[in-house]
Structures are given as structure tokens and as C-alpha cells.
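Engineer:
2 protein chains.
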Amino acid sequence: MTDPVDLWPDVRPDAAKRLMASAVDAFAERGFHATTTRDIATAAGMSPAALYVHFPSKAAVLFAISRSGHERALAMVSAAAAGPGDPAARVRDLVAGFTTWHATRHRVARIVQYELHALRPADFEVVADLRRRTERTVRDLIAEGVADGLFTVADIPTAARAILSLCVDVARWYTPGAKPGPEELGRRYAELVAAMLGAR
Amino acid sequence: MTDPVDLWPDVRPDAAKRLMASAVDAFAERGFHATTTRDIATAAGMSPAALYVHFPSKAAVLFAISRSGHERALAMVSAAAAGPGDPAARVRDLVAGFTTWHATRHRVARIVQYELHALRPADFEVVADLRRRTERTVRDLIAEGVADGLFTVADIPTAARAILSLCVDVARWYTPGAKPGPEELGRRYAELVAAMLGAR
DNA sequence: CTGTGCACTAAGCAAGCGCTTAGCAAGCTA
DNA sequence: TAGCTTGCTAAGCGCTTGCTTAGTGCACAG
Numbered sequence: 008m009t010d011p012v013d014l015w016p017d018v019r020p021d022a023a024k025r026l027m028a029s030a031v032d033a034f035a036e037r038g039f040h041a042t043t044t045r046d047i048a049t050a051a052g053m054s055p056a057a058l059y060v061h062f063p064s065k066a067a068v069l070f071a072i073s074r075s076g077h078e079r080a081l082a083m084v085s086a087a088a089a090g091p092g093d094p095a096a097r098v099r100d101l102v103a104g105f106t107t108w109h110a111t112r113h114r115v116a117r118i119v120q121y122e123l124h125a126l127r128p129a130d131f132e133v134v135a136d137l138r139r140r141t142e143r144t145v146r147d148l149i150a151e152g153v154a155d156g157l158f159t160v161a162d163i164p165t166a167a168r169a170i171l172s173l174c175v176d177v178a179r180w181y182t183p184g185a186k187p188g189p190e191e192l193g194r195r196y197a198e199l200v201a202a203m204l205g206a207r
Numbered sequence: 008m009t010d011p012v013d014l015w016p017d018v019r020p021d022a023a024k025r026l027m028a029s030a031v032d033a034f035a036e037r038g039f040h041a042t043t044t045r046d047i048a049t050a051a052g053m054s055p056a057a058l059y060v061h062f063p064s065k066a067a068v069l070f071a072i073s074r075s076g077h078e079r080a081l082a083m084v085s086a087a088a089a090g091p092g093d094p095a096a097r098v099r100d101l102v103a104g105f106t107t108w109h110a111t112r113h114r115v116a117r118i119v120q121y122e123l124h125a126l127r128p129a130d131f132e133v134v135a136d137l138r139r140r141t142e143r144t145v146r147d148l149i150a151e152g153v154a155d156g157l158f159t160v161a162d163i164p165t166a167a168r169a170i171l172s173l174c175v176d177v178a179r180w181y182t183p184g185a186k187p188g189p190e191e192l193g194r195r196y197a198e199l200v201a202a203m204l205g206a207r
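Chains X and A, in that order, are what the protein sequence lines are. Position one of the first sequence corresponds to residue 8 (my numbering), numbered consecutively onward. Position one of the second sequence corresponds to residue 8 (my numbering), numbered consecutively onward.
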């Protein structure tokens, strides 16, 4: 498993990265509002005030984590949707990849999916746009498969919702060491989704 | 839609019910930790101290809401699983009912599903038991269908997880007035799940 | 009419919160 | 070496938090 600090290669200096990493742990475990700036700073081995050297506020730390997480999720989904193979194969890749991401990165994913309400309105708008693009990508891919006669599903928006739900909800219940592991879980979910869409 | 106050017919006096109802609104919208006891009390038309006449703490209010929500959810799932018809028909009823419940009662459901971490350890154990029983009920029903040769799904625990994920996640994204409405959404999700399980 | 208990309020306490201020050591530039 | 910048800490400010205390109004039993 990748070290959380490696998630943000462009964040400088290193102390800012360590603060973000300990904020991910705390936000994912206890939630944004139950986490104090002292928790974050001391877990990163610094005094409480050190956080404000690198971030203007606690909310800014959340936004930095949430935005980068949303960007990576969208990039992954887009890549799978634009990949090789027919729409059925691409749906499998997308579901497997998105599911695996929510399992391996479940701490970041939990913040991405369940701490939206804690974002400031302006910050929320930024990630809401990324979310809309993610959902549209999935809907368009299913529509393509339906148009090609590969899927028999009737209600495309509802099917897209269901697929995203399946993947997203993994962040809620997944714990390290759960069986099946992230990759195998992704494969099995991809099969379930293929059946759900009535893939031939 | 049922008035939230009618959710707890046995809670007395009426002021305690109103406090629980305004707590549901606040917890669902902003989360437990971002809600103050003053928010709850004033939204119920009382002074801050009135909450402590009926509940020993803010955490006790959360527990009362979460427990009754879990009990109702389990009752509904159990009734569907023990209902008439073959396992395939019962899975459809279960998914339709559970989905509809998460849509119509999405505020309570949001607390039930996403505020577990805010419960005190002893309170968490109580609801964790109800959750385990819910999950086992779904798993047993699928296993019955597989044994009867009605489903072709290979991995039963993963399939049960996927089904619960689909229903539970509705509480995250559903907003009043969304299309399709709660009942129709339930029906469509039941169809998707039937296909997912490879129902004949 | 009096006494009792229930539901409630006004006021406020101790603790913890996000964040600020003032200052210091180390490293770089000229 | 002087002066500036960067990254950090010690101390603490103003405010909000969950919850408590003391007391009030009122329904109702005797």
C-alpha cells in the first residue's frame, strides 16, 4: 500500500504533506468537526500553531484533501471510460478500478464521499463540479453500451447511480485486511455490475 | 410523508419527541458534532436547558434516534425475508422496501448509517448487534435462493454486501422530490438486484 | 386553598475550540 | 557579518461548547 504522504507529490514543504496525512487519518476516523487542529498538528509531530504556517485554516486542509481526492477519482474514471475495448469491457474496468480505489484509499475516499457538508460553500462548488463530471462519465459510458445493444438496462441514470453507489459505499464499510482484498473485490463487483446491466 | 414526530409513538412527553425530531433534522444536515444542544432545543422552541429535562446528554439523543432507526430497519428487513413467495420474490420485496425506506426516511437513515462513529462505545455495541442481524438476514435469504437454484451468484457475502450498499447509499444522495420517487426507485433497484444475482 | 411534582427557563461555569501574536533558530544572500 | 526569509514554538485571546444550578409557573391531588 502506498504511503499516504506520497499522495501529494507536488505539496511543499514536507511538513505540509505530513499535516495533510495526519488530517486524513483524523478526518476519516472521527470526522472533520470532531477533529481539532491540535489533533492534526500533534499527530504530525508539531505544535498546534504549525498548521497555520502551511494552511490558512482547518477548512483549507479539508479542501486540499477533498479536491485532490476528487481529481484523482475523476482521472481514474475518465481513463477507464476512454480506455480500450467495447463499452462492456470498459464498464468492468471502471467498476473494478473505482472499487479498488475506494478500498485501498478508503481513508481519503471517506473524506471525499462523506465530508462534503463540512466544506465551505465556495469549496463545495469546486468539488461538486468534479462530481458531476464523474457521474456524467459513467452515464455516458452506459448509454454507449445500451446504444451498441450490449446492455439491456432500461433506466440509464438509475443504473449509473447504482453503479456509483456500489463503488462509493465501499469506503464506508471497508477495513484493511477485509476479504476479499481490494483487487479481488473490484473484480467481483465488476462481474455483479455486468450482470446488473444485463451484459451479454 | 409521515411526520417525523410520529416515528416514536411511545416517546413521552410530546416535548421529548419534538426534541428528537429537531435533532434528526440537525444531525442529518450538519452531522452530530457540528450540531449544538442549543440548535436542537431552540429549533424545538425551547431554551437550551430543556433538552436535559428529557435526555441526560446530547449523545443520548443520538442513541435514541439511532437505536429506534436500526430497530425499524431490521424489523422491515426481517419481515420481507420471512414473507410469502420464493426467495427471488422475497429479495425483490426486501430491496424495494429497504430502498424506499432509505429514501422516504432519508434524514433518519443518514443518522443510522453515517453517524455510527459518534455513538459512545456501549451505545455502538447495541446498534452493531442490530446491524449484524440485518446483514445476516440478507445473506441467509440469498443463500436460500442459491440453494434453490434461483440465483447463479457465486460469492454470497459479497453479493449481500453489494445489495445492502445499494440500499444504504440511497440515504447519502437522495433529496426530496428526486426522480424516480421512493417507491418507483425501490422497484427499479429490486429489478437491478434480481439481474445482479442472476435470477431466472 | 395548600402541597407536590413536573416541565421548563435564566444565568452561568469550566473546558476546549480555532486561530493569533510575538519571538527564535537556522539557512541563504550580498 | 548584517539583513532577510522560512519554519517553527510558547503563550494565550475571545468565543462557543456541553452541561449545571437555582428557581418559576402550573396542573392537579387532597
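A virtual CB, placed ideally from N, CA and C, is assigned to each residue, including glycine. Everything numeric in this text was worked out from a predicted model, so none of it was measured.
Which residues of chain X have a Cβ atom closer than 8 Å to the Cβ of GLY205 of chain A, listed in chain order?
Structural biologist: The count along the second sequence starts at 1 and reaches residue 205 of chain A at position 198. ALA202, listed in chain order.
Engineer: May I ask you to check if the CB of LEU157 of chain X is nearer than 7 Å to at least one heavy atom of the ligand FMN?
Structural biologist: Among the ligands in the structure shown, none appear at all, so the ligand FMN cannot be discussed.
Engineer: Cα separation between VAL60 of chain A and GLY152 of chain A?
Structural biologist: Taking the first residue of the second sequence as position 1, residue 60 of chain A is located at position 53. Taking the first residue of the second sequence as position 1, residue 152 of chain A is located at position 145. Rounded to whole angstroms, VAL60 of chain A to GLY152 of chain A spans 50 Å at the Cα level.
Engineer: Which residues in the same chain have their Cβ closer than 7 Å to the Cβ of THR144 of chain A, if we skip the five residues on either side of it in sequence?
Structural biologist: Against the second sequence, residue 144 of chain A aligns to sequence position 137. Closer than 7 Å at the Cβ level, and outside the excluded window around THR144 of chain A, lie VAL84, SER85 and ALA88.
Engineer: Which residues of the stretch 31–47 of chain A have a Cβ closer than 7 Å to any Cβ of chain X? Give them in chain order.
Structural biologist: Residues ARG37, GLY38, HIS40 and ALA41.
Engineer: Consult DSSP for THR111 of chain A and reduce its assignment to one of helix, strand or coil.
Structural biologist: Numbered from 1 along the second sequence, position 104 holds the residue referred to as residue 111 of chain A. Residue state, collapsed to three classes: helix.
Engineer: Can you confirm whether ASP176 of chain X, when its beta carbon is compared against all beta carbons of chain A, has any partner nearer than 8 Å?
Structural biologist: Position 169 of the first sequence, counted from the start, is the residue given in the question as residue 176 of chain X. Interface residue, yes.
Engineer: 8 Å is my cut-off, CB to CB: does ALA23 of chain A come that close to chain X?
Structural biologist: Position 16 of the second sequence, counted from the start, is the residue given in the question as residue 23 of chain A. False, the Cβ-Cβ gap to chain X never drops below 8 Å.
Engineer: Please state whether DSSP places PHE39 of chain A in a helix, a strand or coil.
Structural biologist: Here residue 39 of chain A refers to the residue found at position 32 when the second sequence is read from its first residue. Three-state DSSP puts PHE39 of chain A in coil, outside helix and strand.
Engineer: Taking the CB atoms as reference points, tell me whether LEU204 of chain X and VAL102 of chain X lie closer together than 8 Å.
Structural biologist: By 1-based counting over the first sequence, the position of residue 204 of chain X is 197. By 1-based counting over the first sequence, the position of residue 102 of chain X is 95. Not in contact: LEU204 of chain X and VAL102 of chain X (Cβ atoms no closer than 8 Å).
Engineer: At least one CB of chain A closer than 8 Å to the CB of ASP130 of chain X: is that the case?
Structural biologist: Working through the first sequence from its first residue, we reach residue 130 of chain X at position 123. It does not; no Cβ of chain A falls within 8 Å.
Engineer: Tell me whether PRO20 of chain X is buried or exposed, calling it buried when 16 or more other Cβ atoms sit within 10 Å of its Cβ.
Structural biologist: One-based indexing of the first sequence puts residue 20 of chain X at position 13. By the neighbour-count rule (16 or more Cβ atoms within 10 Å), PRO20 of chain X is not buried but exposed.
Engineer: Grab me the residues of MET8 of chain X's own chain with a C-beta within less than 7 Å of its C-beta, minus the 5 sequence neighbours each way, in chain order.
Structural biologist: Within the first sequence, residue 8 of chain X is the residue found at index 1, counting from 1. With a pLDDT of 47 at MET8 of chain X, under the threshold of 50, the predicted position of this residue should be treated as unreliable, though the coordinate-derived value follows. So the list reads THR111, once near-sequence residues are dropped.
Engineer: Just how far apart, CA to CA, sit VAL68 of chain A and TRP108 of chain A?
Structural biologist: On the second sequence, position 61 is the one that residue 68 of chain A refers to. On the second sequence, position 101 is the one that residue 108 of chain A refers to. Distance between the alpha carbons of VAL68 of chain A and TRP108 of chain A is about 21 Å.
Engineer: Please list, in chain order, the residues of the stretch 139–173 of chain X that have any C-beta partner in chain A closer than 9 Å.
Structural biologist: Flagged, chain order: THR159, VAL160, ALA161, ASP162, PRO164, THR165, ALA166, ARG168, ALA169, LEU171, SER172 and LEU173.
Engineer: So the candidates are X:THR182, X:CYS174, X:LYS186 and X:GLY188; which of them puts its Cα closest to the Cα of LEU199 of chain X?
Structural biologist: Within the first sequence, residue 199 of chain X is the residue found at index 192, counting from 1. Nearest option by C-alpha distance: X:CYS174.
Engineer: Got a sec: which bits of the stretch 109–126 of chain X sit with their beta carbon under 8 Å from any beta carbon on chain A, in order along the chain?
Structural biologist: Going along the stretch 109–126 of chain X in chain order, one finds GLN120, TYR121, HIS124 and ALA125 with a Cβ nearer than 8 Å to chain A.
Engineer: Which residues in the same chain as GLU190 of chain X place their Cβ atom closer than 7 Å to its Cβ, once the five residues preceding and following it in sequence are excluded?
Structural biologist: Sequence index remark: in the first sequence, residue 190 of chain X carries index 183 (1-based). THR107.
Engineer: I'd like the list of long-range same chain contacts for ARG74 of chain A, defined as Cβ closer than 7 Å, with 5 residues on each side in sequence excluded.
Structural biologist: Indexing the second sequence from 1 puts residue 74 of chain A at position 67. Counting only Cβ-Cβ distances below 7 Å, and skipping sequence neighbours, we find VAL133 and VAL134.
Engineer: Please list, in chain order, the residues of the stretch 64–78 of chain A that have any C-beta partner in chain X closer than 7 Å.
Structural biologist: Cβ contacts with chain X: none found.
Engineer: Give me the Cα-Cα distance between ARG139 of chain A and GLU36 of chain X, rounded to the nearest whole angstrom.
Structural biologist: Indexing the second sequence from 1 puts residue 139 of chain A at position 132. Indexing the first sequence from 1 puts residue 36 of chain X at position 29. So the alpha carbons of these two residues sit roughly 21 Å apart.
Engineer: Kindly list, in the order they appear in chain A, the residues whose Cβ is closer than 8 Å to that of LEU199 of chain X.
Structural biologist: Taking the first sequence and counting its residues from 1, one reaches residue 199 of chain X at position 192. What LEU199 of chain X touches in chain A: VAL160, THR165, ALA166, ALA169 and MET203.
Engineer: Smallest Cα separation from ALA33 of chain X: which of X:ASP147, X:ARG117 and X:ARG168?
Structural biologist: Taking the first residue of the first sequence as position 1, residue 33 of chain X is located at position 26. Checking every option, the nearest Cα to that of ALA33 of chain X belongs to X:ARG117.
Engineer: What number of angstroms, rounded off, separates the C-alpha of ALA23 of chain A from the C-alpha of ARG194 of chain A?
Structural biologist: Locating residue 23 of chain A in the second sequence gives position 16, counting from the first residue. Locating residue 194 of chain A in the second sequence gives position 187, counting from the first residue. Rounded to the nearest angstrom, the two C-alpha atoms are 36 Å apart.
Engineer: For PRO94 of chain X, which residues in chain A fall below 9 Å Cβ to Cβ?
Structural biologist: One-based indexing of the first sequence puts residue 94 of chain X at position 87. The contacting residues do not exist; PRO94 of chain X stays about 17 Å from chain A at best.
Engineer: By how many angstroms is the C-alpha of ALA166 of chain X removed from the C-alpha of THR49 of chain X?
Structural biologist: One-based indexing of the first sequence puts residue 49 of chain X at position 42. One-based indexing of the first sequence puts residue 166 of chain X at position 159. Rounded to the nearest angstrom, the two C-alpha atoms are 44 Å apart.
Engineer: Shortest alpha-carbon distance to PRO187 of chain X belongs to which of A:ALA169, A:ALA185 and A:ASP176?
Structural biologist: Along the first sequence, read from residue 1 onward, the residue named residue 187 of chain X stands at position 180. When only C-alpha atoms are compared, the closest one is A:ALA169.
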